[in-house]
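Protein chains in written order, with my numbering: chain A, 1449 to 1744; chain B, -14 to 315.
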Amino acid sequence: MIPQPHRAVFVGLLLLLSGCSRPAPQPERSDEPRLVSTAPNLTECVFAVGAGDRLVGRTESCNYPPEVRKIPVVGGFATPYLEPLLAVRPTQVIETVLADPDIRRRLDALNIATVHVPCSRLEEVPEALRQIGALTGHVLQADRLAATLRAGIADARAQALPKNRRPRVLLLLAPDTPITAGSRTFISEMLELAGGRTLDTDASATYYRFSLEWLLMQNPDIILCLFETPTGQPYTAFENQTGWDALDAVRQRRVYVVPNLDVVCRPGPRLLEGLAELKRMLDRDAHEHSPLPKKP
Amino acid sequence: MIPQKQLLFWLIPIPLLLAFCLLSGAAGFGLPDAATPTGRALLELRLSRIVTGFFVGAALSCSGCALQAVLRNALAEPYVLGVSSGGSLGAAVVIVLGLASLTPLALPLGAFVGAAATLLLVCALARRAGGYMPNTLILTGVVVGSMLSSLLMLLLSFAQSRAVHSITWWMLGSLQATSWSLVTLIAFLIVLALATLIVESRTLNALLLGTETAHNLGVRTRIALPLILGAATLAAAAAVAVSGIIGFVGLLIPHVLRRLTGANHRTLLPCAALFGGTFLVLCDTLARTLFAPHEIPVGVVTSLFGGPFFLYLLTRARHHAPLQGEATTL
């Protein structure tokens, strides 16, 4: 039983809440697509083809270009939240992966199309740009950008050193847990293209926890840290960790932190920037550590 | 039950099993060549994991024994007073704030502080709620634990996906200690806690009969209870700090050994330390070699291999004499 005065407050609150309805929707042209992106790399693609004004919803992780901050957040990466998503009245939801595939059926029932845009591997990015270009009516700009990316990738491939002259690189994804990427991931493809060599990883796995014994047997030339570090200083935390301290890469201080993680890790329109960044790091390393013939 | 005299024979395989664990690893079976730097590093790595595994296993088993006796509950285990949730929250805060990449000691320190703070909170609350009554302690521990778990979930839902991965992996548990100084520190804490428990063996035996009876038998329960609870949870907190949450050892080993050696804590506790430590080292060896170069969480192995063995003992016991001194009341 709610006491009398409280009940008055309660009723008042209810009345107040009932006044909080949404303003009437404004009429809009039905042929203009209203897009919701469920991945930061797709958001970048939409802006890159010049269709940023078509985007009405984004994820929490979307942080580029800076204009995205004005677009409402309607979910996390691969996990759209249904109610905020409906609130922005999208016509299409673009996804590269969905945590819960069932959401596609629920959106279908609400007359919102879900468009699958494969964009998680290197080769898929140019095609993804073209697909988004076609979707938003920016075909020309998308085709031009896709051609630039393809040319950049082909250039890098042509310039690459033969495998046995490239440094062997461990991709390390966390400071506290030894997690690395398998060879069939975007970041491994980027590394190979930039002139590094991945270790003999488990090809079928994407990201997995590895055993330190395996790492000791592999003994990579370089360790590439793909995580945020609080300081801009060289990363030295491995120098007094059991196991790590015996690695050549740690002893010779060939442990590098990637300064701009997003361009390197995100399969999107900025991949040539990421490639250049990786190349710069590997070139600087090669300059400082003149390639000694490695004993088998 | 094994007669006391035969118990010594059961100790013989322990060094052999530990030696076997030292020989196996992802790099292949056999003793690594100590003449090469890589071989030395491999040997050091395996040794570090075996030492850590042994101490953590011993800590969890003994802590489980003591808590099952004090709380007189068959489901009691080292994490029952919320140590795991507190430790996880502490570790998660360290990971989310990015302190983990500053120094390798940040993560164990955060976990230990979280676990210890939780224990103090639970004990203070339980004392206000009417002394260290078993059911009050368990309830307080469970409620505080689930509150801290909710905070952890909140933190996880706002954290970057990279941090979520790190936290999840930390919670699954791993015996890869970052440095020997950490191993030494943890081992010191664990030895201190286990020595306290072993010294208090007689008190634990008396407590099996109930707090009141123990008091009437001359046990100074006001001092002994907090001491035992503190020591058992200190051991668990130290284990959590170095290895994350490793389930099942603290629940299973005490039950198995009580069936094999009886409920007298003067033999039960030393046996729990030896067999629990060896069991965890064995499980960890499987975890790091079964799917090399992948490493699977050691907690998966402890319950997958330990579970069937315990169920076997449980079903076999029906055909034999009823077990004495089983710490089961609720």
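Beta carbons are placed, not taken as given, at the ideal position from N, Cα and C, and that holds for glycine.
Using a Cβ distance threshold of 8 Å, determine whether the segment 130 to 140 of chain B contacts the segment 204 to 216 of chain B, with at least three qualifying pairs required.
no
Does the CB of Leu30 (chain B) have a neighbour CB from chain A at under 9 Å?
Position 45 of the second sequence, counted from the first residue, corresponds to residue 30 (chain B). Put simply, the CB of Leu30 (chain B) is near chain A, with a gap under 9 Å to one of its CB atoms.
Jot down the residue ranges of each uninterrupted alpha helix (DSSP H) in the segment 197 to 236 of chain B, minimum 4 residues, whole runs only, in chain order.
If only complete runs of 4 or more residues are kept, the segment 197 to 236 of chain B shows the alpha helix (DSSP H) at 206 to 228, in order along the chain.
Between the segment 1604 to 1626 of chain A and chain B, which residues of the former have CB atoms less than 9 Å from a CB of the latter, in chain order?
Leu1621, Ala1622, Pro1623, Asp1624, Thr1625 and Pro1626
Considering only their Cβ atoms, is the gap separating Leu1621 (chain A) from Leu147 (chain B) smaller than 9 Å?
Reading the second sequence from its first residue, position 162 is the one you call residue 147 (chain B). Reading the first sequence from its first residue, position 173 is the one you call residue 1621 (chain A). A small correction: the amino acid at residue 147 (chain B) is Arg; Leu does not occupy that position in the sequence shown. Yes; because the gap between Cβ atoms is below 9 Å, this pair is in contact.
Which value, in whole angstroms, describes the spacing of the CA atoms of Leu106 (chain B) and Pro119 (chain B)?
Here the question's residue 106 (chain B) lines up with position 121 in the second sequence. Here the question's residue 119 (chain B) lines up with position 134 in the second sequence. The alpha-carbon of Leu106 (chain B) is positioned some 16 Å away from that of Pro119 (chain B).
Quick check on DSSP: helix, strand or coil for Cys1673 (chain A)?
Position 225 of the first sequence, counting from 1, holds the residue named residue 1673 (chain A). DSSP places Cys1673 (chain A) in strand when its eight states are reduced to three.
Across the segment 53 to 61 of chain B and the segment 118 to 134 of chain B, are there enough close Cβ pairs to call them in contact, namely three or more that are closer than 8 Å?
yes
Interface residues of chain B facing Tyr1656 (chain A) [CB-CB closer than 8 Å]:
Residue mapping note: residue 1656 (chain A) aligns to position 208 of the first sequence, counting from 1. Here the neighbours are His279.
Chain B contact for Leu1723 (chain A) (CB, 9 Å cutoff):
Along the first sequence, one-based indexing puts residue 1723 (chain A) at 275. No - not a single Cβ of chain B is within 9 Å of the one on Leu1723 (chain A).
Tell me the DSSP bridge mates of His1564 (chain A)?
Counting from 1 along the first sequence, the entry for residue 1564 (chain A) is found at position 116. Beta-bridge pairing links His1564 (chain A) to A:Glu1543.
Which partner residues of His279 (chain B) appear in the DSSP bridge assignment?
As a first step, residue 279 (chain B) is located in the second sequence; it is residue number 294 there, counting from the start. Bridge partners of His279 (chain B): A:Phe1658.
Helix, strand or coil for Tyr1512 (chain A) per DSSP?
Walking along the first sequence from the start, residue 1512 (chain A) turns up at place 64. If DSSP states are grouped into helix, strand and coil, Tyr1512 (chain A) belongs with coil.
DSSP on Tyr1683 (chain A), reduced to helix/strand/coil?
Numbered from its first residue, the first sequence carries residue 1683 (chain A) at position 235. The answer is coil: DSSP assigns Tyr1683 (chain A) none of H, G, I, E or B.
Meets three-Cβ-pair contact criterion under 8 Å: the segment 1625 to 1632 of chain A and the segment 1640 to 1659 of chain A
yes
Cβ neighbours of Leu219 (chain B) in the same chain (closer than 7 Å, five flanking residues each side left out):
As a first step, residue 219 (chain B) must be located in the second sequence, where it is residue number 234. Excluding sequence neighbours, Leu219 (chain B) sits near Leu174 and Ala178.
Three-state class that DSSP yields for Leu1503 (chain A) in the structure shown:
Taking the first sequence and counting its residues from 1, one reaches residue 1503 (chain A) at position 55. Leu1503 (chain A): strand per DSSP, three-state reduction.
Using 8 Å for Cβ pairs, my map puts Pro1488 (chain A) next to Thr1507 (chain A). What's the rounded Cβ distance?
Within the first sequence, numbered from 1, the residue matching residue 1488 (chain A) stands at position 40. Within the first sequence, numbered from 1, the residue matching residue 1507 (chain A) stands at position 59. Rounded, the Cβ-Cβ distance is 6 Å, consistent with contact.
What are the boundary residues of the alpha helix (DSSP H) that includes Ala77 (chain B)?
Sequence index remark: in the second sequence, residue 77 (chain B) carries index 92 (1-based). For Ala77 (chain B), the enclosing alpha helix (DSSP H) stretches over residues Val68 to Val81.
Closest Cβ-Cβ distance between Asn1489 (chain A) and chain B: below 9 Å?
As a first step, residue 1489 (chain A) is located in the first sequence; it is residue number 41 there, counting from the start. By this cut-off, Asn1489 (chain A) is not an interface position.
In the DSSP assignment, find the beta strand (DSSP E) that holds Arg1616 (chain A) and state where it starts and stops.
Against the first sequence, residue 1616 (chain A) aligns to sequence position 168. Segment Arg1616 to Leu1620, the beta strand (DSSP E) holding Arg1616 (chain A).
Pull the bridge partners of Ala1629 (chain A) from the DSSP assignment, please.
Here residue 1629 (chain A) corresponds to residue number 181 of the first sequence, with the count starting at 1. Answer is A:Tyr1655.
Could you tell me which of A:Ala1561, A:Asp1501 and A:Asn1511 sits nearest to Gly1716 (chain A), measuring between CA atoms?
By 1-based counting over the first sequence, the position of residue 1716 (chain A) is 268. Among A:Ala1561, A:Asp1501 and A:Asn1511, the Cα nearest to that of Gly1716 (chain A) is on A:Asn1511.
Look up Ser1485 (chain A) in the DSSP assignment and say whether it is helix, strand or coil.
Along the first sequence, read from residue 1 onward, the residue named residue 1485 (chain A) stands at position 37. Reduced to three states, the DSSP call for Ser1485 (chain A) is strand.
Would you mind telling me which residues of chain A sit closer than 7 Å to Ala85 (chain B), beta carbon to beta carbon, in chain order?
Stepping through the second sequence from its first residue, residue 85 (chain B) is reached at position 100. Here the neighbours are Pro1623 and Asp1624.
Identify, in the order they occur along the chain, each residue of the same chain with its Cβ nearer than 7 Å to the Cβ of Gln161 (chain B), setting aside the five sequence neighbours on each side.
Taking the second sequence and counting its residues from 1, the one referred to as residue 161 (chain B) is at position 176. Cβ neighbours of Gln161 (chain B) beyond the five flanking positions: Arg34.
So, with DSSP's three-state summary, where would you put Gln1474 (chain A)?
The residue given as residue 1474 (chain A) occupies position 26 in the first sequence. For Gln1474 (chain A), the predicted model reports a pLDDT of 49, less than 50, meaning its position is unreliable and no value from the coordinates is stated.
Check Pro93 (chain B) in the structure and name its three-state DSSP category.
Here residue 93 (chain B) corresponds to residue number 108 of the second sequence, with the count starting at 1. Helix, per DSSP.
Secondary structure of Arg1714 (chain A), DSSP reduced to three states:
To locate residue 1714 (chain A), count along the first sequence from 1; it is residue 266. DSSP places Arg1714 (chain A) in coil when its eight states are reduced to three.
Are Leu1619 (chain A) and Leu1639 (chain A) close, meaning C-beta to C-beta below 9 Å?
Residue mapping note: residue 1619 (chain A) aligns to position 171 of the first sequence, counting from 1. Residue mapping note: residue 1639 (chain A) aligns to position 191 of the first sequence, counting from 1. Yes, Cβ-Cβ distance for Leu1619 (chain A) and Leu1639 (chain A) is below 9 Å.
Determine, for Ala1629 (chain A), whether the minimum Cβ-Cβ distance to residues of chain B falls below 9 Å.
Locating residue 1629 (chain A) in the first sequence gives position 181, where the first residue counts as 1. Judged by the 9 Å Cβ criterion, Ala1629 (chain A) is not in contact with chain B.
Is there a C-beta anywhere in chain A that falls below 9 Å from the one on Leu27 (chain B)?
Taking the second sequence and counting its residues from 1, the one referred to as residue 27 (chain B) is at position 42. Yes - at least one Cβ of chain A is within 9 Å of the one on Leu27 (chain B).
With a threshold of 9 Å between beta-carbons, can Ile202 (chain B) be considered close to chain A, or not?
Position 217 of the second sequence, counted from the start, is the residue given in the question as residue 202 (chain B). This sequence places Leu at residue 202 (chain B); Ile is not what is there. At a cut-off of 9 Å between beta-carbon atoms, Leu202 (chain B) makes no contact with chain A.
Of the residues B:Ala258, B:Ala77 and B:Val225, which one's Cα is nearest the Cα of Gly150 (chain B)?
Working through the second sequence from its first residue, we reach residue 150 (chain B) at position 165. Gly is not the amino acid found at residue 150 (chain B); the sequence shown has His there. Closest by alpha carbon: B:Ala77.
Would you kindly work out how many angstroms separate the C-alpha atoms of Cys108 (chain B) and Leu245 (chain B), rounded to a whole number?
For the purposes of this step, residue 108 (chain B) is identified with residue 123 of the second sequence, where counting begins at 1. For the purposes of this step, residue 245 (chain B) is identified with residue 260 of the second sequence, where counting begins at 1. Answer to the nearest angstrom: the Cα atoms are 32 Å apart.
Looking at Leu28 (chain B): is its Cβ nearer than 9 Å to the Cβ of Val266 (chain B)?
The residue given as residue 28 (chain B) occupies position 43 in the second sequence. The residue given as residue 266 (chain B) occupies position 281 in the second sequence. No.
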